[in-house]
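Numbering (the numbering used here), first residue to last: 12 to 393.
Please read the structure below before turning to the comments.
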Ligand code: NIG
Ligand code: FE
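Below, the structure written as structure tokens:
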């Protein structure tokens, strides 16, 4: 089936070739087939009149932890009353996740994937990381793969309680049998490199084992304080290093090099942990590719809204509205090393949003308002 979208108020393509005005888009099957002036548009089976609204690529949420059970609302309330965030609550979610049935995990993930899709997220990465033993990590990824091809093995989220006094044995488990059970269902490997989680050597062991198993690398780094995460990510050719809240000049220079490691910023986490926001301007001015993602998880950032992250990035992180929308679309695609996503150009996957607004500016200008009017996912209006 082909679909022609006309009467577009603003077409936010992320491609260099922006049609000057009165643009139209033609979708054929799962791909974008044509972009250009409406007067020259080819015929199509169906037509959508956008009535002057903005059209942009579907959001690419390149960082989400959706394989869990339970929530930690009371931990959030305690933080808002002054408690710090340490990541210690991860073990609470591990307990709930291990106790949940496959069907409970699947139902929770389906609920969140649906919630995200209604808010314009057409591609979603999903991490494991609340199983932290061989069977629960493997089933987390097996179920995650029912929802997305962008699955990430995060057995190295924290050291689980039963290994508290034997962290190196846990590292051996993660990089051996757990990785072997997870790898058939995973595209990526990730490590939480942070004081209280995994140090540089432990992370290198796990990530290089992941590379040998054929997985791409992503890293949680520099979230709660300065640390080796960013430089390790760049050294290992990671697709992305995520959080990037506490960066040295050397970290920024490493990211600005030619390695192709994206800095993924997760402002939902700073919002929900009352931490200082990362400085996106510093990264952009240095030439670093920046992505925005939700980090959706029950502890540090329980939002599935990319529009909320865009609003935070503009208000708190010195991004312009167009930089923020680009980071939430093309940036996410780069962070997943996908050149078929995050842009409206011929050959790209037909993931498009029609806003209930005349331009992308409204996503930050009207925070909290449900502006996603139509979601087209893989060529299909939802
Ligand atoms: O990305 N930082 C580590 N992991 C998650 C938080 C997980 C949790 O608190 O449950 C994050 O913020
Ligand atoms: Fe995370």
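No residue lacks a Cβ here, since even glycine has one placed at the ideal position from N, Cα and C.
Could you check how far apart the C-beta atoms of residue i and residue j are, in whole angstroms? I think they sit under 8 angstroms.
| i | j | result |
| --- | --- | --- |
| residue 74 | residue 140 | At roughly 11 angstroms, the Cβ-Cβ gap does not stay under 8 angstroms, so residue 74 and residue 140 are not in contact. |
| residue 362 | residue 388 | 6 angstroms |
| residue 55 | residue 18 | Going by Cβ atoms, the distance from residue 55 to residue 18 rounds to 14 angstroms, so no, they are not a contact pair. |
| residue 278 | residue 323 | 4 angstroms |
| residue 100 | residue 83 | 5 angstroms |
| residue 22 | residue 386 | The Cβ separation is near 16 angstroms, so there is no contact. |
| residue 219 | residue 251 | Residue 219 to residue 251, Cβ: 17 angstroms. No contact. |
Restricting to Cα atoms, I'd like to know which of the options is closest to residue i.
| i | options | result |
| --- | --- | --- |
| residue 93 | 285, 346, 303, 391 | 285 |
| residue 137 | 89, 327, 71 | 71 |
| residue 313 | 85, 220, 268 | 85 |
| residue 24 | 162, 353, 309, 149 | 353 |
| residue 78 | 133, 59, 68, 118 | 118 |
| residue 311 | 104, 238, 229, 263 | 104 |
| residue 211 | 229, 243, 223, 263 | 243 |
| residue 222 | 199, 45, 267, 180 | 199 |
| residue 283 | 267, 306, 253 | 306 |
| residue 256 | 281, 264, 130 | 281 |
| residue 164 | 226, 107, 114 | 226 |
| residue 309 | 42, 81, 111, 50 | 81 |
| residue 201 | 43, 293, 253, 109 | 253 |
| residue 425 | 266, 287, 215, 51 | With the chain covering 12 to 393 only, the question about residue 425 has no answer from this structure. |
| residue 205 | 131, 97, 155, 156 | 97 |
| residue 160 | 349, 364, 337, 111 | 349 |
Using a Cβ-Cβ cutoff of less than 8 angstroms, which residues in the same chain neighbour residue i once the five nearest sequence positions on both sides are dropped?
| i | result |
| --- | --- |
| residue 295 | 301, 330, 334 |
| residue 325 | 331, 332, 335, 375 |
| residue 91 | 285 |
| residue 158 | 77, 120, 121, 124, 135, 137 |
| residue 395 | There is simply no residue 395 to check, as the chain begins at 12 and stops at 393 in what is shown. |
| residue 171 | 102, 105, 143, 144, 181 |
| residue 150 | 113, 116, 142 |
Which residues in the same chain have their Cβ closer than 7 angstroms to the Cβ of residue i, if we skip the five residues on either side of it in sequence?
| i | result |
| --- | --- |
| residue 145 | 188, 189, 192 |
| residue 373 | 366, 382 |
| residue 185 | 166, 167, 217 |
| residue 259 | 237 |
| residue 16 | 35, 36, 59, 61, 66 |
| residue 27 | none |
| residue 126 | 315 |
| residue 111 | 80 |
| residue 384 | 64, 365, 366, 367 |
| residue 215 | 243 |
Are the Cβ atoms of residue i and residue j separated by less than 9 angstroms?
| i | j | result |
| --- | --- | --- |
| residue 53 | residue 34 | no |
| residue 390 | residue 12 | yes |
| residue 346 | residue 273 | yes |
| residue 240 | residue 232 | yes |
| residue 315 | residue 116 | no |
| residue 320 | residue 291 | no |
| residue 68 | residue 359 | yes |
| residue 245 | residue 270 | yes |
| residue 342 | residue 303 | yes |
| residue 299 | residue 261 | no |
| residue 328 | residue 378 | no |
| residue 131 | residue 364 | yes |
Within the same chain, show all residues whose beta-carbon is closer than 6 angstroms to that of residue i, passing over the 5 residues directly before and after it, in chain order.
| i | result |
| --- | --- |
| residue 208 | 169 |
| residue 20 | 63, 64, 65, 369 |
| residue 318 | 374 |
| residue 134 | 71, 352 |
| residue 148 | 139, 142, 166, 189, 193 |
| residue 344 | 71, 352, 353 |
| residue 14 | 38, 55, 57 |
| residue 107 | 80, 81 |
| residue 109 | 147 |
Is any beta-carbon of chain D found at less than 9 angstroms from that of residue i?
| i | result |
| --- | --- |
| residue 283 | The chain inventory of the structure shown lacks chain D, comprising one protein chain alone. |
| query | Which runs of the beta strand (DSSP E) fall wholly inside the segment 159-192 and span at least 3 residues, in chain order? | reply | 162-167
If you scan the segment 271-338 from start to end, which runs of the alpha helix (DSSP H) of 4 or more residues do you find wholly inside it? Taking only runs of at least 4 residues, the alpha helix (DSSP H) segments lying wholly in the segment 271-338 are 278-284, 291-296, 317-327, 332-337.
Quiz item: Hey, which unbroken runs of the beta strand (DSSP E) at 3 residues or more fall wholly within the segment 73-157?
Solution: 132-135
- Run through the segment 354-390 for me and flag every whole alpha helix (DSSP H) of 4 or more residues, listed as ranges in chain order. 373-376
**Message:** Restricting to runs no shorter than 3 residues, where is the beta strand (DSSP E) found entirely within the segment 195-245?
**Reply:** Within the segment 195-245, the runs of beta strand (DSSP E) at least 3 residues long that lie entirely inside it are, in chain order, 199-204, 227-232.
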